[in-house]
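Reviewing the structure listed below.
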Amino acid sequence: MSDVTVEALHLSKSFGHGPPALDDVSFELSGTGAIGYLGPNGAGKTTTLKLLVGLLRPTRGEVRINGHSPTADRKRALWEIGALVETPEPYPMLTVYDALATVGLARGLRRESVDAEIDRCHRALELPPFGRRVGALSKGQRQRVSLAAALMADPKVLLLDEPTSGLDPAERVLVRRLLVELKRDHLVLMSSHQMFEVGDICDELMFLDRGRLLVRDRVDRIAERVQNREVDVEFSEPVDAARMEPIRQLGATLRPLSDRRWRIAFAGVDGGRPGVLVACQRVAPVVQFANTFLVVEEAYLELIGRST
Amino acid sequence: MTEAVESGAASSAAPRAAVSDLAQFRTVTVSQLTNYLRTYRFLGLLGFVALISVLTIAFELHAGVTATRIAQLNRSSEYLSNFLAYAGLWIVISAAFFGGDALSVDFSTGAGYYMLVLPIKRSVLLAGRYAAATVVTLAIVAMYYLFGLGGAIYFFGGGTIDWTNLGLSLAIAVLFTLSALGVAFCISAVFRSPSSGVLVTILVLYVGLTTLQGVLELANVEPWMSLTYGGGAMAAVLDTDFLHYQTVPLGEDQFYTIWSASVSEGVAIMAAYAAVFLPLSTFLYYRKESTG
Chain D
284 MSDVTVEALH
294 LSKSFGHGPP
304 ALDDVSFELS
314 GTGAIGYLGP
324 NGAGKTTTLK
334 LLVGLLRPTR
344 GEVRINGHSP
354 TADRKRALWE
364 IGALVETPEP
374 YPMLTVYDAL
384 ATVGLARGLR
394 RESVDAEIDR
404 CHRALELPPF
414 GRRVGALSKG
424 QRQRVSLAAA
434 LMADPKVLLL
444 DEPTSGLDPA
454 ERVLVRRLLV
464 ELKRDHLVLM
474 SSHQMFEVGD
484 ICDELMFLDR
494 GRLLVRDRVD
504 RIAERVQNRE
514 VDVEFSEPVD
524 AARMEPIRQL
534 GATLRPLSDR
544 RWRIAFAGVD
554 GGRPGVLVAC
564 QRVAPVVQFA
574 NTFLVVEEAY
584 LELIGRST
Chain X
1334 MTEAVESGAA
1344 SSAAPRAAVS
1354 DLAQFRTVTV
1364 SQLTNYLRTY
1374 RFLGLLGFVA
1384 LISVLTIAFE
1394 LHAGVTATRI
1404 AQLNRSSEYL
1414 SNFLAYAGLW
1424 IVISAAFFGG
1434 DALSVDFSTG
1444 AGYYMLVLPI
1454 KRSVLLAGRY
1464 AAATVVTLAI
1474 VAMYYLFGLG
1484 GAIYFFGGGT
1494 IDWTNLGLSL
1504 AIAVLFTLSA
1514 LGVAFCISAV
1524 FRSPSSGVLV
1534 TILVLYVGLT
1544 TLQGVLELAN
1554 VEPWMSLTYG
1564 GGAMAAVLDT
1574 DFLHYQTVPL
1584 GEDQFYTIWS
1594 ASVSEGVAIM
1604 AAYAAVFLPL
1614 STFLYYRKES
1624 TG
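Chains as they are written, first to last, in our numbering: chain D, 284 to 591; chain X, 1334 to 1625.
Structure, rendered in structure tokens:
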């Protein structure tokens, strides 16, 4: 259970004379769970994360982590923070082991615990061979080492800037599952452009555009707000258009995605979803009935579109 | 690649304790030193200095023992003083190589996103890197001293060595290293590009200060504000005919003065440089942001 509180208080950041990269953003994070931090490129997501870990100084406002400023008192402020911001690069001549041991020792692990901790990260992230030099790793391998560094010594809060960027599909799945497990007893704030990923991992969303925080809410409430009316259904057996006719008669529009998968756009508000599910179950056994991807993506498009 | 996260892999049971600044300093130093010792930069510079040392002694051997003794006034201290006159150059180059990008690397590459997000004070990070850069620079300097000592023993015999002044010279080399690295770290805290930091450090410490020294000597002013002038004490301490200054006539009523820093003067200059530039480096490093 995380007992860390991260506060952004009227946070603004300007670079030069242009419009502010971040404009009066305030939020408080505490407890456990995963929060998606979403917005288009240049919205201020990375700037926020940099401010939270003290890589930037706010032009106005302040960051407090358990009451400590990450610029003035970084040792106390960042003690329970594991961060992956931009593209970290450990020293290229260090081995994977050296790079992670440095982080573990700096975070207060005893020498005898470091090996066990690196082994834990290896089991979670399938790290490259420990003796390989960081400079010889692929982009995806380096990203996994950097993610492992964020996890070393098990900090209670994880601030992750596009954590699956540069990873192949299998690595993405691995990291996604890890984050789902981690959020049970950690607080995870992650930015991402992968809407499916965010929908899969996060319980709460914050939408940012042009430096301003537009919305912060739970995923289910955001789903209600955007009134999503599309679901993807997968049957256990092939289902043709004739068998889907009862669903069409409910007023839904159907689009086949494969012989067993259909996309159903139903009439009415979100409350019509249970009726569609019941109707589908009468057609054939339903293996999957999913809409999370669409919720996050549609919410994103609607909110960002509304703000432009 | 497996898709499942192994049970228990997501959370740790490893004990974690408050860690002192000193322990973090040790961690940073070891990490930085490990990285430096494996770089081509270190191995190349070490090899280059060794090559120059070997060539110098080879030329002396080619000239013959007697000719070398005569050229060095039959004194091992004179030989060492002349040989070690180049130690300052190696220190400047090494300081530029290992200090010129020591801090800028955090703001121009992803290294900063790895190290600066850790719960470590920036002053501790700087101190650890400074210590590591000092160790590698001194490793190169120590090797050069060993070559000089070997040459002196070969040409003049072990019994002729003035160990006290040689030790003093080495101590001054350590101080010169600390102050030159202070300047290099300060330049590194100003520049964003690592190569700019390295180049500017060499330009400032070697070209800039040496030129300033020459100009001041032409104006008959002692160049006490130059670090490289103060570093000359490394060789001067072994010079048994040491003169603080010599006037050289240029013509009627015109002359210029060649100055040499005494040990006390050299130590004062170097200590002043270290005292000014190290705190300044720390201040600049604290203020610097990762805007890239």
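Each residue gets a CB set at the ideal place from its N, CA and C atoms; glycine is no exception.
Query, Result
"Where does the unbroken alpha helix (DSSP H) through X:ILE1403 begin, and where does it stop?", "1398-1404"
"Hey, would you say X:TYR1606 sits closer than 8 Å to X:LEU1459, going by beta carbons?", "no"
"Count the other CB atoms, across all protein chains shown, that sit within 10 Å of the CB of X:LYS1621; report buried if there are 16 or more and exposed otherwise.", "buried"
"Mark D:ASP542 as exposed unless 16 or more other C-beta atoms lie within 10 angstroms of its C-beta, in which case mark it buried.", "exposed"
"Assuming X:GLN1357 and D:ALA389 are in contact, meaning their beta carbons sit under 8 Å apart, how far apart are those beta carbons, in whole angstroms?", "5 Å"
"Closest Cβ-Cβ distance between X:GLU1393 and chain D: below 8 Å?", "no"
"Would you mind giving the Cβ-Cβ distance between X:LEU1508 and X:ALA1604, rounded to the nearest angstrom? I have them listed as a contact below 8 Å.", "7 Å"
"Can you name the residues of chain D whose CB is closer than 8 Å to the CB of X:VAL1352?", "LEU388, ALA389, ARG390, GLY391"
"So, with DSSP's three-state summary, where would you put X:TRP1592?", "strand"
"Please state if the CB of D:ARG416 and the CB of D:THR370 are separated by a distance shorter than 8 Å.", "no"
"Based on Cα-Cα distance, which residue from D:HIS469, D:ALA317, D:VAL456, D:VAL287 lies nearest to D:GLU409?", "D:VAL456"
"Tell me the rounded alpha-carbon separation between X:LEU1378 and X:LEU1471.", "12 Å"
"Name the one or two DSSP bridge partners that D:VAL498 has.", "D:PHE490"
"Does DSSP classify D:MET527 as helix, strand or coil?", "coil"
"Applying the 10 Å Cβ sphere with the 16-neighbour rule, what's the burial state of X:ASN1368?", "buried"
"Would you tell me roughly how many angstroms separate the C-alpha atoms of D:SER519 and D:LEU461, rounded to the nearest one?", "28 Å"
"Check whether the Cβ of D:GLY299 sits closer than 7 Å to any heavy atom of the ligand ZN, and report yes or no.", "The ligand ZN is not part of the structure shown, which contains no ligands of any sort."
"Are there 16 or more other CB atoms within 10 angstroms of the CB of D:HIS469, so buried, or fewer, so exposed?", "buried"
"Does any residue of chain X bring its CB to less than 8 Å from the CB of D:ARG340?", "yes"
"Does any residue of chain D have a CB that is nearer than 8 Å to the CB of X:THR1282?", "Residue 1282 of chain X lies beyond the stretch modelled for chain X, which goes from 1334 to 1625, so this question has no answer here."
"Taking 8 Å as the cut-off, decide whether the C-beta atoms of X:THR1510 and X:THR1543 are in contact.", "no"
"What are the partner residues of D:TRP545, as DSSP defines its beta bridges?", "D:VAL516, D:PRO539"
"Please report how far the alpha carbon of D:ALA433 lies from the alpha carbon of X:LEU1451, in whole angstroms.", "9 Å"
"Going by DSSP in three states, X:PRO1582 sits in which element: helix, strand or coil?", "strand"
"Skipping 5 residues on each side, what residues in its chain have a beta carbon closer than 6 Å to that of X:THR1335?", "Unreliable positioning characterises X:THR1335 in this predicted model, as indicated by a pLDDT of 45, which lies under 50. A coordinate reading is not provided."
"Considering only residues of the same chain and omitting the five flanking positions on each side of D:GLY414, which have a CB-CB separation below 6 Å?", "THR378"
"Residues of chain X with CB closer than 7 Å to the CB of D:ASP468, please, in chain order.", "SER1344"
"What beta strand (DSSP E) runs, 3 residues minimum, are completely inside the region 338-396 of chain D?", "343-348, 364-367"
"Taking Cβ to Cβ, would you say X:ILE1494 is nearer than 8 Å to X:ILE1505?", "no"
"Quick check: the region 1566-1576 of chain X against the region 1406-1415 of chain X, are at least 3 beta-carbon pairs closer than 8 Å?", "yes"
"Got a sec: is the Cβ-Cβ distance from D:MET473 to anything in chain X below 8 Å?", "no"
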